[in-house]
Structures are given as C-alpha cells and as structure tokens.
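Residue numbers (my numbering), protein chains in the order written: chain Z, 41 to 291; chain R, 291 to 496.
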C-alpha cells in the first residue's frame with residue numbers, strides 16, 4: 041500500500057528560512073539546508089520550499105539553494121513561489137529539485153501546465169491552488185491569497201488535471217493559520233473529482249487533524265509549517281499515532 | 291584510507307541524454323563517497339566500471355533522445371553492471387505503452403499504464419518485497435522506497451523485487467549484468483542509499 045505523506049513546508053526569503061524557528065539543536069535555524077536535513081532525519085516524507093523573495097536576484101539565489109538541498113537531503117522535495125515559465129522550472133529541476141509547484145502563473149496562463157508537463161513530465165508538476173469560500177462557493181485566489189478570482193476551485197482542479205498536473209496542493213485560506221483542522225469536506229470532494237494525488241494544506245494544529253484529513257478528507261499527503269517548526273508536533277509522534285489509527289505510514 | 295582509495299578507483303558513468311534530474315543521482319553518489327561522471331560519449335560509457343541509466347519524463351521523447359545519440363545501440367551491448375532507474379528501467383524493457391514506444395529489449399516485458407481506477411501517478415513511499423539478488427543485500431522485506439510513475443512493468447521471469455499498487459508489479463528487474471529499479475534509490479532515504487551502494491559494490495574484482 042502507498043503510504044500517506046507528511047510534508048513540512050519551509051518559507052524561504054533571500055535563501056534563508058523565515059517564520060521564526062527556534063530549534064536549539066541547530067547551529068543556524070535560518071539555514072534551510074540544515075532544517076531540511078533535520079526534517080529528513082525526523083521522518084518527513086517530502087519537503088516543500090516556498091520562496092517568497094521578491095527581488096531580481098531571486099532566481100539565482102533559489103537555484104543555489106536548491107542545489108545545496110539536493111546535495112544534502114535524500115528525500116524528494118518540491119520548490120515553489122513565483123515560478124512562472126518553462127525556463128524557471130528548467131533551472132530548478134536542473135539543480136536537483138524533484139518537483140516544482142506553480143500557482144498564480146498557471147491561472148494567468150493555463151497553457152503553461154501543458155507546456156511544463158510535455159517538457160518535464162507530469163510527475164514533477166505540482167499545481168498549487170489557494171482557495172477561499174465566498175458566498176457558499178470555493179473561489180481560487182492568487183498572489184498568496186491576496187487577489188480573488190471568479191474561478192471555482194473544483195472546475196480549476198479538474199482543468200489542471202486535464203492539462204497535465206501531476207499533483208494538486210490545495211490550501212484552504214479559511215483554514216490556514218487557524219490550527220482548527222484541514223478543509224476536509226472540500227478535500228474529499230477534490231479527491232473524488234480528480235484522479236491525481238491531493239496534498240492538503242492549511243489548518244494543522246493537532247495530531248488528530250492529520251488523521252482526520254487522511255480518513256475523512258481522503259488526502260494523499262498533508263502539508264504543514266508552524267506546528268513542525270515550533271515543535272508543537274513531532275513527526276515521529278504524528279506517524280506513530282497515524283499507524284495506531286490504521287493509516288498507512290512510513291515509519 | 292584504503293577504503294576511500296578503493297571507492298575512488300571505481301569509474302561510474304551516469305548516461306547523460308538530456309533526461310531530467312540527473313543531478314540528484316550525482317549528489318547521491320557523492321554522499322556515498324563516489325564521483326559520478328555525466329557522459330553521453332560511447333567510449334567513456336564503455337570504459338566505466340558501473341553505468342547508471344537514469345530517466346524521468348515521457349518514454350517516447352526520451353527514446354528519441356537516446357536514438358539521436360546512438361546510445362540505444364550501445365546500452366544493450368554493455369558488459370559491466372548497468373542500473374536503470376525509473377524511466378531508465380522502463381526503457382530497458384521491450385516496449386512501453388507510453389507513447390507506444392519501442393524499448394531497448396533488455397528485459398523481456400512490456401510496460402503498461404496503471405488501472406484508471408487508481409490515482410496516477412503513483413507518487414510517494416511504498417513497500418518493496420520478494421527481494422532477490424545482492425542488489426537488496428541488507429534490505430529488509432517490506433522496506434519503503436520512493437516512487438513516482440504512471441506506467442509499470444508487470445511481474446515476469448526477470449522480476450527481482452515487487453511492489454503493490456492495485457496490482458503486484460516489478461519494482462526491480464535483472465537480466466545478466468543489467469539491473470533496473472522502478473523506484474528512486476537516490477530519493478529513498480537510507481534504504482535507497484544502501485541499494486545504490488550495493489549496486490556500486492557488485493562484482494568487485496577483489
């Protein structure tokens with residue numbers, strides 16, 4: 041049986057980890073490579089790096105970081121944040137990223153998904169979707185959730201699958217940061233609608249939230265940031281609990 | 291330092307035919323203390339002690355790239371241990387349903403698509419079992435490895451490891467000096483590194 045995946049997400053700015061992390065065991069908590077290695081040893085199944093750098097130097101800094109992570113870490117990792125062209129993706133993959141996540145650029149130019157899937161294979165193309173419930177409808181939002189669109193989450197999910205996405209990373213903005221659990225109803229609907237893996241994101245607060253999203257949300261993987269960074273949840277404990285709950289997990 | 295010396299005397303060539311993520315394999319070798327040479331040069335490949343044949347992406351376009359460099363004739367003739375990884379392994383089979391592609395015909399099996407009822411690609415960590423040959427020395431039954439693929443080789447006479455995703459299929463194949471693994475040893479944590487190391491240690495003339 042394929043196991044459910046646990047994915048810590050690291051926010052990166054100018055090649056450094058942001059979102060204050062207080063690991064006493066690390067020499068440099070701002071060093072994404074050292075953090076990545078720690079998570080890999082702790083039992084993370086994958087890692088996601090989200091680059092929030094807005095400077096022109098971005099591409100070069102990110103490529104260097106990807107190269108360092110790939111040299112150090114022996115589990116797969118995804119890189120996203122402002123990726124908007126075939127060239128962007130090429131640089132990241134050439135430097136050792138396993139997958140690349142695209143978000144706003146895919147909404148603005150859906151054909152980009154087809155181009156990327158054709159050139160690099162769908163297995164390395166993750167389409168990230170940020171959505172929020174507006175007047176009873178899940179609507180896609182752009183630019184880190186700041187810009188609303190009229191696009192329906194489920195229509196968009198179906199479309200990205202047809203265009204060649206290998207996975208969908210769905211973040212519920214209504215749940216993100218609340219620590220009240222994942223958007224399981226929407227996740228379950230997504231999981232039934234498309235035939236590619238769904239990564240649940242937004243709302244992790246307790247171990248049971250992960251178990252819920254795998255059982256009720258039918259998610260294939262769950263992503264979280266702060267609960268891991270602040271050691272509110274240890275991956276080892278989380279995985280033991282998942283196993284107890286009868287969820288397939290890699291321990 | 292004698293161990294180090296022995297390691298570096300091994301010449302490992304990673305076949306470079308423009309198929310993605312080769313860097314990860316090179317890095318994995320470096321973590322094990324080896325150096326991999328990326329090359330598409332026939333003489334360089336022939337002179338290697340070990341050859342790694344990687345691959346991600348789509349079968350027919352990868353095969354086209356192999357043919358444009360003449361590597362499709364060279365690979366089946368190699369005499370040293372060869373390890374095909376993921377799409378590399380699939381291309382070593384007779385055919386692939388992906389893009390209706392004729393393969394290198396090393397492994398006598400046809401690669402087909404997973405059942406439509408399953409989520410595809412098969413992405414993530416799954417168990418490997420019925421492990422055979424020294425490639426899996428020191429690896430326990432049901433060890434976890436990382437996989438990402440939409441097509442698979444059914445179980446056949448050349449199967450040396452199986453994996454279950456809706457169906458039992460070949461997670462690894464072997465014929466003579468040719469090995470193929472469907473999973474990514476370079477991304478499969480400690481177990482993957484051990485399998486890579488086992489491959490690198492095959493047939494050491496000591």
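Backbone N, C-alpha and C fix where the C-beta goes; we use that ideal spot for every residue, glycine too. Predicted, not measured: the structure shown is a model, and the values here were computed from it.
For the stretch 129–151 of chain Z, which residues have a CB atom closer than 7 angstroms to at least one CB atom of chain R, in sequence order? Answer in chain order: 133, 134, 135, 136 and 138.
Take the Cβ of residue 62 of chain Z as the centre, count every other Cβ of all protein chains shown within 10 Å, and call the residue buried at 16 or more, exposed below. Unreliable positioning characterises residue 62 of chain Z in this predicted model, as indicated by a pLDDT of 46, which lies under 50. The coordinate reading is nonetheless provided below. The C-beta of residue 62 of chain Z has fewer than 16 other C-beta atoms within 10 Å across all chains shown, which makes the residue exposed.
Can you tell me the Cα-Cα spacing of residue 305 of chain R and residue 241 of chain Z, whole angstroms? Residue 305 of chain R and residue 241 of chain Z: Cα-Cα distance of roughly 38 angstroms.
How do the stretch 314–333 of chain R and the stretch 276–291 of chain Z stand: do at least 3 beta-carbon pairs fall below 8 angstroms, yes or no? The answer is no - the stretch 276–291 of chain Z does not touch the stretch 314–333 of chain R, with fewer than three Cβ pairs under 8 angstroms.
If you follow the alpha helix (DSSP H) that residue 331 of chain R is in, where does it begin and where does it stop? Taken as a continuous stretch (DSSP letters only), residue 331 of chain R belongs to no alpha helix (DSSP H), as it is neither H nor E.
Rounded distance between the beta-carbons of residue 335 of chain R and residue 373 of chain R, thought under 8 angstroms: Cβ-Cβ separation between residue 373 of chain R and residue 335 of chain R: approximately 13 angstroms, too far for a contact (criterion under 8 angstroms).
Residue range of the alpha helix (DSSP H) that residue 78 of chain Z falls in? For residue 78 of chain Z, the enclosing alpha helix (DSSP H) begins and ends at 72–82.
Report yes or no: do three or more beta-carbon pairs, one from the stretch 445–465 of chain R and one from the stretch 394–401 of chain R, lie closer than 8 angstroms? The stretch 445–465 of chain R, when compared against the stretch 394–401 of chain R, does touch it at the 8 angstroms Cβ threshold.
Using C-beta distances below 7 angstroms, list every residue in its chain close to residue 236 of chain Z, excluding the 5 sequence neighbours before and after it, in chain order. 201, 205, 206, 207 and 208, listed in sequence order.
What residue from Z:193, Z:127, Z:70 and Z:178 has the CA that sits closest to residue 167 of chain Z's CA? The candidate whose alpha carbon is nearest that of residue 167 of chain Z is Z:193.
Does the beta carbon of residue 43 of chain Z come closer than 8 angstroms to any beta carbon on chain R? Contact of residue 43 of chain Z with chain R is assigned, a C-beta pair being separated by under 8 angstroms.
Contiguous alpha helix (DSSP H) assignments of at least 4 residues, all confined to the stretch 347–401 of chain R: Listed in chain order, the alpha helix (DSSP H) runs fully inside the stretch 347–401 of chain R are 349–358, 361–364 and 377–381, counting runs of at least 4 residues.
Is the separation between the beta-carbon of residue 261 of chain Z and that of residue 81 of chain Z shorter than 8 angstroms? In this structure, residue 81 of chain Z does not lie closer than 8 angstroms to residue 261 of chain Z by Cβ.
Between which two residues does the beta strand (DSSP E) holding residue 414 of chain R run? Note, residue 414 of chain R: beta strand (DSSP E), 412–419.
Contact set between the stretch 458–471 of chain R and chain Z, restricted to residues whose Cβ is under 8 angstroms from the partner: Within the stretch 458–471 of chain R, not one residue has a Cβ closer than 8 angstroms to any Cβ of chain Z.
What does DSSP give as the partner residues of residue 173 of chain Z in its beta bridges? DSSP, once it has assigned bridges, lists Z:178 as partnering residue 173 of chain Z.
With contact counted as at least three CB pairs below 8 angstroms, one residue from each stretch, are the stretch 403–412 of chain R and the stretch 433–445 of chain R in contact? Short answer: they touch.
6 angstroms Cβ shell around residue 116 of chain Z - same chain, five flanking residues per side excluded: 86 and 138.
Can residue 476 of chain R and residue 318 of chain R be called in contact, C-beta distance under 8 angstroms? Residue 318 of chain R sits close to residue 476 of chain R, with the two beta carbons spaced by under 8 angstroms.
Just the chain Z side, please: which residues come within less than 8 angstroms of residue 314 of chain R by C-beta, in chain order? Residues of chain Z with a Cβ closer than 8 angstroms to the Cβ of residue 314 of chain R are, in chain order, 110, 136 and 138.
Spatial neighbours of residue 253 of chain Z within its chain, please: CB distance less than 7 angstroms, with the 5 preceding and 5 following residues excluded, ordered by chain position. Closer than 7 angstroms at the Cβ level, and outside the excluded window around residue 253 of chain Z, lie 222, 224, 227, 240, 259 and 262.
Cα-Cα, which of Z:162, Z:164, Z:187 and Z:165 is closest to residue 174 of chain Z? Restricting attention to Z:162, Z:164, Z:187 and Z:165, the CA atom closest to the CA of residue 174 of chain Z is found in Z:187.
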